[in-house]
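Residue numbers (the numbering used here), protein chains in the order written: chain A, 10 to 187; chain B, 264 to 350. Where is the CB? At the ideal position from N, CA and C, for every residue including glycine.
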Amino acid sequence: MKYKSSTSPKWREDFPIEQEFDDFVTRRDFIRFLGLVSAGLAVGSGSVAVNSLTHTEVEALPELAVAGADTLKPGSWLVFNYPDEHSPAMLIRREDGEYAAYLQKCPHLACPVSYHAAGSDGEPEGLRCHCHNGRFDLDTGKGTAGPPRELRPLRRVELRVADDGSVSAVGLAKRHKA
Amino acid sequence: MAIRKPRFDTRPGVTASATARVWICGIICVVQYWLLTAANEAFHGGNLKVGLPAFLASLVCFVLVAGLIVVGESGSHKMQEELRDNE
Numbered sequence: 010m011k012y013k014s015s016t017s018p019k020w021r022e023d024f025p026i027e028q029e030f031d032d033f034v035t036r037r038d039f040i041r042f043l044g045l046v047s048a049g050l051a052v053g054s055g056s057v058a059v060n061s062l063t064h065t066e067v068e069a070l071p072e073l074a075v076a077g078a079d080t081l082k083p084g085s086w087l088v089f090n091y092p093d094e095h096s097p098a099m100l101i102r103r104e105d106g107e108y109a110a111y112l113q114k115c116p117h118l119a120c121p122v123s124y125h126a127a128g129s130d131g132e133p134e135g136l137r138c139h140c141h142n143g144r145f146d147l148d149t150g151k152g153t154a155g156p157p158r159e160l161r162p163l164r165r166v167e168l169r170v171a172d173d174g175s176v177s178a179v180g181l182a183k184r185h186k187a
Numbered sequence: 264m265a266i267r268k269p270r271f272d273t274r275p276g277v278t279a280s281a282t283a284r285v286w287i288c289g290i291i292c293v294v295q296y297w298l299l300t301a302a303n304e305a306f307h308g309g310n311l312k313v314g315l316p317a318f319l320a321s322l323v324c325f326v327l328v329a330g331l332i333v334v335g336e337s338g339s340h341k342m343q344e345e346l347r348d349n350e
């Protein structure tokens with residue numbers, strides 16, 4: 010690295026960079042770059058933290074009154090479309106009279122999931138997918154048997170039950186808490 | 264003919280300490296990257312309690328990296344000032 014010699018011109022002293030060294034990254038430049046990377050990673054972690062703090066359990070969607078819900082007897086169910094006309098959902102009136110609703114599409118291969126009341130085959134009430142004998146927990150929508158056991162739970166539809174017995178869908182639970 | 268003093272820090276151990284700073288910053292960046300991916304995965308897995316502690320830990324890591332950079336830069340500037348004063 011001979012930048013200077015007795016015969017070097019003055020400009021060489023002011024600009025002592027050889028062209029062959031021009032592409033080299035110095036330690037100082039590299040550590041500055043690492044500082045930039047560190048700042049970026051901190052900002053990324055910050056965005057995850059902000060998302061965690063502002064996370065809501067329910068994705069609010071336009072309210073939709075479910076037709077026929079007020080005549081639904083305990084241990085029965087009906088299908089309605091929510092949140093759009095291409096998304097089938099199940100409104101279930103459980104045997105204890107409580108309402109529950111889930112999107113009907115199985116997370117495995119999108120077969121329709123159906124409700125089964127207790128007693129018909131000795132099993133408790135629950136949700137089943139007949140394509141591959143999948144079972145779901147009625148309280149949480151999580152798969153309990155078959156391929157859905159390894160997959161995401163069914164998305165729960167949030168309901169509002171009015172005093173007159175009418176039932177409306179008001180949103181979808183976020184996937185985390187479904 | 265007077266021998267000109269070098270324009271860079273020639274004290275013993277300076278190169279080693281600079282290399283050590285680079286390595287430490289690199290390792291801290293790897294830890295931060297792991298923190299980010301772990302926090303992101305936990306968030307998508309439904310664990311919302313991890314995000315804030317991970318961010319704080321990442322912030323501490325950034326402060327460490329920034330501190331190492333500032334220490335390195337200030338040491339080098341100080342040395343250059345001393346060399347200029349001696350000249």
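DSSP-derived helix/strand/coil call for residue i
i: Val-75(A); result: coil
i: Phe-24(A); result: coil
i: Val-176(A); result: strand
i: Val-67(A); result: strand
i: Phe-33(A); result: coil
i: Ala-187(A); result: Its pLDDT being 37, under 50, Ala-187(A) is placed unreliably in this model, and the coordinates cannot settle the point.
i: Pro-97(A); result: strand
i: Leu-147(A); result: coil
i: Gly-152(A); result: strand
i: Leu-331(B); result: helix
i: Met-10(A); result: Low per-residue confidence applies at Met-10(A): pLDDT is 49, beneath 50, and the placement is therefore not dependable enough to give any value.
i: Arg-161(A); result: coil
i: Arg-102(A); result: strand
i: Leu-181(A); result: strand
Limits of the alpha helix (DSSP H) - the one that residue i falls within
i: Leu-168(A); result: Counting along the chain, Leu-168(A) falls outside any alpha helix (DSSP H), though it belongs to the beta strand (DSSP E) covering 166 to 170.
i: Gly-55(A); result: 36 to 62
i: Ser-85(A); result: Ser-85(A) -> not in any alpha helix (DSSP H); beta strand (DSSP E) instead, spanning 85 to 90.
First through last residue of the beta strand (DSSP E) which encompasses residue i
i: His-125(A); result: 122 to 125
i: Cys-292(B); result: No beta strand (DSSP E) contains Cys-292(B), which is instead part of the alpha helix (DSSP H) from 277 to 307.
i: Cys-138(A); result: 135 to 138
Classification of residue i by the beta-carbon crowding that lies within 10 angstroms, buried from 16 upward
i: Phe-325(B); result: buried
i: Ser-17(A); result: exposed
i: Ile-291(B); result: buried
i: Trp-86(A); result: buried
i: Arg-102(A); result: buried
Per DSSP, the bridge partner or partners of residue i
i: Ala-114(A); result: The displayed chain sequence assigns Lys, not Ala, to residue 114(A). Lys-114(A) is bridged to Pro-121(A).
i: Leu-315(B); result: Leu-315(B) is not bridged to any residue.
i: Ala-320(B); result: None; Ala-320(B) has no bridge partner.
*Inspect the CB distances between the segment 103 to 117 of chain A and the segment 151 to 160 of chain A and report whether three or more fall short of 8 angstroms.*
yes
*Per the contact definition of three or more C-beta pairs closer than 8 angstroms, is the segment 143 to 154 of chain A in contact with the segment 101 to 111 of chain A?*
yes
*Counting Cβ pairs closer than 8 angstroms, one from the segment 279 to 290 of chain B and one from the segment 91 to 103 of chain A, do we hit at least three?*
no
*Looking at C-beta atoms only, is the number of pairs between the segment 47 to 62 of chain A and the segment 310 to 322 of chain B that lie closer than 8 angstroms three or more?*
yes
*Okay, do the segment 123 to 133 of chain A and the segment 168 to 184 of chain A touch, 3+ Cβ pairs below 8 angstroms being the bar?*
no
*Count the CB pairs spanning the segment 336 to 345 of chain B and the segment 74 to 89 of chain A that are closer than 8 angstroms, and state whether there are at least three.*
no
*Can we say the segment 29 to 38 of chain A touches the segment 290 to 302 of chain B, given the rule of at least three CB pairs closer than 8 angstroms?*
no
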